Amino acid sequence: YGVLSSGGGDDDGGSAGGGGETSPLAGAKRDRSDGKDGEEAEKKAKAAFTPLTLKRLLAQARPERNRLLVATVCLFAGALSTLAIPLYFGRIIDAITTPTTDAAAADDARAALVSNIITLVAVTLVGSVFGFFRGYLFNSAGEMVVARLRRQVFSAILHQEVGFFDATRTGELLSRLGSDVGILKNVVTVNISMALRWAATVVGGLVFLFVQSWKLSLVIIAIVPALAFAARWYGGFIRRLSKATQEALAQATMVAEESISSVRTVRSFAREGQQQTAYDERVNETLRLGIKTSLAYGGFTGGMAGFITLAFIIIVFYGGTLVIDGELTSGVLTSFLLYSLTIGGALAGIAGLFGQIMQAAGANERVFAILDRVPAIPLAGGRTAGALRGDIAFDAVSFAYPTRDDITVLRDVSFSLPAGTVAALVGPSGGGKSTIVNLVERFYDASAGHVLLDGVDVRDFDPSW
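First residue of the sequence shown: 1, per the UniProt record's numbering; consecutive thereafter.
So, in structure tokens, the structure goes:
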């Protein structure tokens with residue numbers, strides 16, 4: 001009959017733990033250093049958003065391309081209406097401040113004021129309509145993308161072999177289906193929408209600025225490199241923090257899932273306190289990283305606001321001198337200031353958006369790792385038998401579980417069970433009893449030898465059959 005190895009006294013794999021971990025408490029003893037190697041995590045995060053992977057992400061939204069195309073048109077139309085607002089405000093200021101030496105001049109100024117106010121209201125209403133359709137179309141497309149992506153990830157998970165679930169905890173997979181896919185949804189729809197909108201605002205705003213005053217425009221251009229440097233630093237910092245936060249959250253989810261799903265085991269061994277401590281440690285880690293992220297966000301947004309305000313003050317001073325010298329009107333300076341604020345807000349938004357995209361780098365890596373994984377035992381393919389007798393035979397079978405391949409559970413086992421035979425497998429815990437059943441059902445493939453059904457190796461059969 002060969003040898004049924006005790007494997008160190010562990011359960012032989014009949015549990016969902018796949019050989020070696022029958023209790024959820026075993027997870028608390030695992031090495032907690034996973035995902036905390038900062039240098040390696042940073043390298044992976046940087047590599048996670050190459051042009052190829054970004055193109056693959058965008059391909060997820062291909063079925064919604066018509067919806068996204070209309071949304072993009074609405075986006076640019078809305079951006080154009082937004083850029084027109086400062087122009088008409090400037091004209092209103094000119095109409096108000098223009099000297100009126102007689103009744104005719106006063107009537108002209110009043111007519112210009114009313115005309116520009118009506119146009120401004122119309123532009124605002126049109127921009128609001130385009131803004132509604134832009135928001136609705138982009139966000140609804142995002143919901144469609146995330147639903148499709150979740151279905152794909154869930155299907156990929158279901159198609160994996162049983163050994164995959166031995167090595168990957170349920171909480172981790174639920175985290176991939178939940179938070180990670182949700183983050184990617186924003187990248188392929190909402191974030192792209194905002195990026196296009198702010199980019200159009202910056203480009204269009206700069207054009208209007210140069211039309212108004214090329215001298216003042218140089219002041220705006222001078223601050224762009226500083227903003228770009230700050231955005232790059234912030235994006236890299238947030239990328240590292242986000243990856244660590246996602247890993248810590250996944251760890252907390254794993255502890256909660258295994259404790260709740262195996263609450264009877266926890267209660268039997270009176271391990272509530274230990275499990276609570278393990279969960280608290282992981283939640284505290286996410287809290288620490290979250291506070292660090294909040295500090296970075298507060299420092300970045302506060303610094304950006306202060307820097308933009310300082311630049312605004314410089315523009316007011318220089319523009320005021322140009323007005324005093326007669327090179328600009330008050331209305332033109334007002335338009336310029338409003339355009340400066342609009343461009344500054346757009347640049348700050350792009351900088352923050354860069355951080356959000358870097359935040360999605362880790363999620364991108366993990367989700368596509370599941371989608372790309374080829375199961376060791378496919379669900380379909382192979383022969384089927386018209387009539388099955390039910391003869392079972394093991395021919396020099398050896399086996400070790402993938403999660404503990406250094407422990408041989410079955411070694412050179414051979415036996416045969418003709419159809420209709422009533423047999424009992426007897427042995428100590430961890431001796432290989434459940435493993436034999438698992439091999440017959442082809443939850444795993446034998447490391448050596450053959451498991452035969454009616455004289456045919458089970459690996460030749462269609463697993464679904």
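For every residue, glycine included, the Cβ atom is placed at its ideal position computed from N, Cα and C.
Since the model is a prediction, treat every value here as computed from it, not as a measurement.
Annotation: the region 85-171 contains the following complete segments of the alpha helix (DSSP H) (minimum length 4 residues), in chain order: 103-158, 162-167. Residue pairing for Arg264: DSSP places it in no beta bridge. In the DSSP assignment, the residues bridged to Asp457 are Leu452.
Counting C-beta atoms within 10 angstroms of its own C-beta, Tyr401 has 16 or more neighbours from the protein chains shown and is therefore classed as buried. Only exposed fits Ile313, as fewer than 16 other CB atoms lie within 10 angstroms of its CB. Pairing Gly171 with Glu257 gives a Cβ-Cβ distance under 9 Å.
Nearest C-alpha to Val409 among Ser429, Gly390, Ala419, Ser268: Ser429. As a beta-bridge residue in DSSP terms, Asp395 pairs with His450. Under a 10 Å Cβ-count criterion, Phe317 is classified as exposed, with fewer than 16 other Cβ atoms of the shown protein chains found around its own Cβ. Taking one beta carbon from each stretch, the region 370-381 and the region 411-418 have fewer than 3 pairs nearer than 8 Å; the two do not touch. Residues Lys185, Thr189, Val190 of the same chain have their beta carbon placed closer than 6 Å to that of Gly142, with the five preceding and five following residues left out of the count.
The Cβ atoms of Leu453 and Leu379 lie no closer than 9 Å to each other.
Arg282 carries a helical assignment under DSSP once its states are collapsed to helix, strand and coil.
In this structure, Gln212 sits near Leu328, with a CB-CB distance shorter than 9 Å. In this structure Asn66 is exposed. Its beta-carbon is surrounded by fewer than 16 other beta-carbon atoms within 10 angstroms. In this structure, Val126 lies near Ser81, with their beta-carbon atoms less than 9 Å apart. Looking at the backbone, the Cα of Val422 and that of Pro463 are separated by about 25 Å.
Spatial neighbours of Glu285 in its own chain (CB-CB distance under 7 Å, excluding positions within 5 residues in sequence) are listed in chain order as Ala248.
Taking every protein chain shown into account, the CB of Thr97 has fewer than 16 other CB atoms within 10 angstroms, so this residue is exposed. In chain order, Leu206 place their CB closer than 8 Å to the CB of Ile221, counting only its own chain and leaving out the 5 sequence neighbours on each side.
Per the DSSP secondary-structure output, Leu417 pairs in a beta bridge with Ile392.
Counting along the chain, the unbroken alpha helix (DSSP H) around Gly205 starts and ends at 191-212.
Bridge partners of Arg383 according to DSSP: Phe461. Only residues of its own chain outside the window of five on either side were considered, and among them Ile157 have a CB closer than 7 Å to the CB of Leu173, listed in chain order. DSSP, read as helix, strand or coil, puts Pro225 in helix. When Cβ pairs closer than 8 Å are counted between the two stretches, the region 254-272 is seen not to touch the region 291-305, the count staying below three. In the structure shown, Pro63 falls within a helical segment according to DSSP collapsed to helix, strand and coil. About 17 Å separates the beta carbons of Phe130 and Ala195, which is beyond the 8 Å limit, so they are not a contact pair. Relative to the Cα of Gly204, the nearest Cα in the group Gly236, Leu241, Tyr339, Leu333 belongs to Tyr339. Here the region 303-313 lies against the region 225-237, with 3 or more beta-carbon pairs under 8 Å apart. The criterion of a C-beta distance shorter than 9 Å is not satisfied by Leu337 and Phe208. Each of Ala61, Arg91, Gly431 was checked against the Cα of Ser335, and the nearest Cα belongs to Arg91. In the three-state DSSP reduction, Asp180 falls in the helix class (H, G or I). By alpha-carbon distance to Gly381, the top candidate from Leu113, Phe461, Lys55, Arg442 is Phe461. Annotation for Asn186: no alpha helix (DSSP H) segment contains it, and DSSP assigns it neither H nor E.
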